[in-house]
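These protein sequences, in sequence, are chains W and E. Residue 61 in the numbering used here sits at position 79 of the first sequence; the count goes up by one each step and never skips. Residue 100 in the numbering used here sits at position 118 of the second sequence; the count goes up by one each step and never skips. Idealized CB from N, CA, C, for every residue including glycine. Every value quoted in this text rests on a predicted model; they were computed, and no experiment measured them.
Protein chains: 2
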Amino acid sequence: MAEVASDPTPLISGGGSESVRRPLADSLHVNGGDGAYSYTRNSYFQKFAANVVKGRIGGAITMKLDVEKLCSRSNIICIADLGCAVGPNTFNSMQDILHFIQHKYNLQCPGSDRTLQFLVFFNDQPSNDFNSLFTSLPRETPYFTAGVPGSFHRRLFPESSIHFAHCSYALHWLSRVPEELQDRNSSAWNKGRIHYTNAPDQVIQAYAAQFAKDMANFLSARAAEIVNGGMMVIIMPGIPNGMSYSQVAASAMYEFMASSFMDMAHEGLISEDEVDSFNLPIYTPSPEDMEAAVEKNGQFSIEILELSNAAALVDGRVDIKAWVSHVRAANEEMFVKHFGGDVIDEMFDRLTKKLFMFSEQVNSGYKDRTQLLVVLIRK
Amino acid sequence: MAEVASDPTPLISGGGSESVRRPLADSLHVNGGDGAYSYTRNSYFQKFAANVVKGRIGGAITMKLDVEKLCSRSNIICIADLGCAVGPNTFNSMQDILHFIQHKYNLQCPGSDRTLQFLVFFNDQPSNDFNSLFTSLPRETPYFTAGVPGSFHRRLFPESSIHFAHCSYALHWLSRVPEELQDRNSSAWNKGRIHYTNAPDQVIQAYAAQFAKDMANFLSARAAEIVNGGMMVIIMPGIPNGMSYSQVAASAMYEFMASSFMDMAHEGLISEDEVDSFNLPIYTPSPEDMEAAVEKNGQFSIEILELSNAAALVDGRVDIKAWVSHVRAANEEMFVKHFGGDVIDEMFDRLTKKLFMFSEQVNSGYKDRTQLLVVLIRK
């Protein structure tokens, strides 16, 4: 497993995966169905990312999860995937986790005649395409299935009812755009930008504060729901402590999105004000950010907190076309809501051209350790 | 409560509700969304029907459900609505049941400082419109919510994990059209009909046998899932022991559907063979049928098994237009799949005209006690 964390082959940067999971801001969701820009057909970067940490998660379950204790009162193990979006990644992750838990149980209780039963809760916003999720479920699953609609920044499950929670490429979506960014008189009014890449400190601080608030709500809800000794795994984009986001290769995506929109504003296709008032509710935390949130909550012990290479399994240079498709699958609705549907093709066309034109910048940006893995145990 | 069961005002017959819940045959479901023929806007007969039995269910919970025992190991009460379709009826039913259970707990454990937590599982076929269900959930619910995709003729939940199961206007949908009816050489080939109304004995027997098989699967799955002492409530169309289905007012719907299709076949709009090979997978059991199924399963005790007036709260004569809209909301997709979408408007137009033309027959048919209420306790 250690070879994954230290793998020296950064290829598709964290940005590839960073931008492609469903937003958790009100009623935003990844593209459903199975069309050209659907999340189902544009989420294979996330799959690579998940594979990179699979071994680490297996190791954590084997070493740290006391399955015998978890099932001492009932043989039902409840697993939740928080921000699951649509298949197939969530099905693979759940299958892997179930397999690791079963394996650990067999190690702990060899020859036991009890059979574990698994109930998997697939959670996402009510506006997620649960119809697609349910109709694409594998034909036979070794678990019982339930879908849970709701924001994971709030309570979703009864107290002490979840044994294992998983949250992959979802927590970087903030619950909302920071309030200060909506106020044109604030020093955090984000003129000419759509993200905190290359933004003044006030903007960065507003994003960081919103992330801290969201994490506080998230952890407090999970602390109530997860049984003592239960485990939570968080996988998300990350950035080394102290590094500025503009050094990360993925920042080019936001920078060129903003400049594409600004070009369009200068040509009169949209207004500058529309650009100034739009901000992507996405934050990439450092291990330090995450540690602070967990310490503040106080109800989890940190078993793993590390940055790794998200796309160590993908070979070659950044595939710009695929990257843009992925970003589009996850973000399109948010743009359409703000700018209207007519200009979105235009923006993505311009964005793609800019990324190709500046592909050296994209490929030379920092992309080594941009995936954060956090494994927590409920105290 | 007794006044409900003996209410002498049968107005919208069991047929009104009988025909309007989602079919459980493969991938069939009620109309989603909120358009003119959506189930959401065409399921108020079911609401009346549910209200009629609400008092009986409350009484059964108060008298027969040992809530203190159910929550002796955990304060989480799991309720399942099997074949829930889309809102709002299922939300109302779940709210009522939760209220009755909480009330019984307060009676049994006055002054207890434990707070019950409720988890409600909304179950229906994977093709049900769960997106509509989830986005129309009441803003605040006193329960946690999960959707469970799958046929209730099979296992849906872990062993001994459900405390209360509810199944309203769903079990009359057979899991499939009886096999014999698909074979043109069989004596049960249902020429010129689409249901067992006025059909030869072989056809009726094929339907009855399929219902018995489905009930066996349903009860065996539920026996595994419901905890000892847990309750199951079934509400569905019913018919007095020994009565022929053609005496029931609701049979006019099937009879005139068939004759509308046959008229269209004679005019060359569809083929006769299309009509002969189409059969509605709907069966209306007698209390005797139901008792036999429960006895055969052997794992439930029968607390209530009775016929009541489904639409006692609806005043006046049958509202034919509304009835047809309700039937359309639940059945349209099944017709479209078999006959294609083009002829369905035509059939429903003809059906409506026939029902108006023969409204005396509709209004004079038997409609007194056509709703079956079954309350079972898991032994």
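- Task: List the DSSP bridge partners of tryptophan 155 of chain E.
- Result: E:Ile264
- Contact set between the segment 57 to 69 of chain E and chain W, restricted to residues whose Cβ is under 7 Å from the partner: Ile58
- threonine 72 of chain E at chain W interface by Cβ criterion, 8 Å: no
- Coarse secondary structure for arginine 38 of chain E, derived from DSSP in three states: helix
- Is proline 120 of chain E close to chain W, meaning its C-beta is less than 8 Å from at least one C-beta of that chain? no
- Using the rule of at least 16 other Cβ atoms within 10 Å of the residue's Cβ for burial, across every protein chain shown, is leucine 89 of chain W buried or exposed? exposed
- Message: Under 7 Å: does the beta carbon of asparagine 210 of chain W sit that close to some heavy atom of the ligand NAD?
- Response: As presented, the structure is devoid of all ligands, the ligand NAD included, so that no description of it is given.
- Query: Of all Cβ atoms in chain E, is any one closer than 8 Å to the Cβ of phenylalanine 200 of chain W?
  - Reply: no
- On the three-pair Cβ rule with 8 Å, is the segment 163 to 179 of chain W touching the segment 82 to 98 of chain W? no
- Message: Does the contact criterion of 3 or more C-beta pairs under 8 Å hold for the segment 276 to 288 of chain W versus the segment 226 to 236 of chain W?
- Response: no
- Query: At what residues does the beta strand (DSSP E) containing glutamate 237 of chain E begin and finish?
  - Reply: Where glutamate 237 of chain E is concerned, there is no enclosing beta strand (DSSP E), although the alpha helix (DSSP H) it sits in stretches over 233 to 248.
- Message: With H, G and I counted as helix, E and B as strand and the rest as coil, what does DSSP make of phenylalanine 340 of chain W?
- Response: coil
- Taking the DSSP output, what are the residues bridged to valine 230 of chain E? E:Tyr348
- From W:Glu273, W:Asp331, W:Lys303, residue whose alpha carbon lies closest to that of cysteine 356 of chain W: It is valine, not cysteine, that sits at residue 356 of chain W in the sequence shown. That would be W:Glu273, whose Cα lies nearest to the Cα of valine 356 of chain W.
- Query: Who are the neighbours of valine 49 of chain E on chain W, taking C-beta pairs under 7 Å?
  - Reply: Going along chain W, no residue has its Cβ under 7 Å from valine 49 of chain E, so there is no contact; the nearest lies around 16 Å.
- Message: Under 8 Å: do the segment 137 to 147 of chain E and the segment 108 to 125 of chain E share three or more Cβ pairs, one atom per stretch?
- Response: no
- Please specify which runs of the alpha helix (DSSP H), each continuous and at least 4 residues long, are wholly inside the segment 87 to 118 of chain E, giving them in chain order. 112 to 117
- Item | Counted within 10 angstroms of its Cβ, other Cβ atoms place lysine 336 of chain W as buried (16 or more) or exposed | buried
- Mind checking whether alanine 188 of chain W and glycine 65 of chain W have CB atoms under 8 Å apart? no
- Query: Skipping 5 residues on each side, what residues in its chain have a beta carbon closer than 7 Å to that of threonine 266 of chain E?
  - Reply: Glu0, His154, Pro219, Gly220, Ile221, Tyr227
- Expressed to the nearest angstrom, what Euclidean distance is found between the alpha-carbon atoms of alanine 304 of chain E and glutamate 314 of chain E? 15 Å
- Task: Output, in chain order, the set of chain E residues within a Cβ distance shorter than 8 Å of aspartate 111 of chain W.
- Result: Asn113
- Query: For aspartate 245 of chain W versus asparagine 291 of chain W, is the C-beta spacing smaller than 8 Å?
  - Reply: no
- Message: At the 8 Å Cβ level, is arginine 360 of chain E part of the contact set with chain W, yes or no?
- Response: no
- Are the beta-carbon atoms belonging to phenylalanine 193 of chain E and leucine 156 of chain E less than 8 Å from one another? yes
- Would you identify the three-state DSSP class for leucine 52 of chain E, choosing helix, strand or coil? helix
- Could one say the Cβ of valine 130 of chain E lies closer than 8 Å to chain W's Cβ atoms, at least one of them? yes
- Task: Can you tell me the Cβ-Cβ gap for alanine 67 of chain E and aspartate 106 of chain E, rounded? I've got them flagged as a contact below 8 Å.
- Result: 6 Å
- Task: With DSSP as the reference, please indicate the residues paired to threonine 127 of chain E in a beta bridge.
- Result: E:Val102
- Query: How is the alpha helix (DSSP H) around glutamate 285 of chain E delimited, first residue to last?
  - Reply: That residue, glutamate 285 of chain E, is in no alpha helix (DSSP H); its beta strand (DSSP E) goes 282 to 290.
- Item | Exposure of arginine 299 of chain W, with buried meaning 16 or more beta-carbon neighbours within 10 Å | exposed
- Query: In the structure shown, what three-state DSSP assignment does arginine 3 of chain E receive?
  - Reply: With a pLDDT of only 36 at arginine 3 of chain E, under the threshold of 50, the placement of this residue in the model should not be trusted; the figure read from the coordinates follows. Residue state, collapsed to three classes: coil.
- Item | Close Cβ partners of glutamate 162 of chain E (< 6 Å) along its chain, the five nearest in sequence each way excluded | Ser168, Ala170, Ala188
- Simplified DSSP state of valine 68 of chain E, which is helix, strand or coil: coil
- Query: What residues in its chain sit with their C-beta under 6 Å from that of aspartate 8 of chain E, if we drop five residues either side in the sequence?
  - Reply: Here the model assigns aspartate 8 of chain E a pLDDT of 42, short of 50, so the residue's position is not dependable, and the following value carries that caveat. Here the set comprises nothing.
- Query: Given that leucine 138 of chain W touches chain E, what residues does it touch there, using C-beta distances under 7 Å?
  - Reply: Phe126
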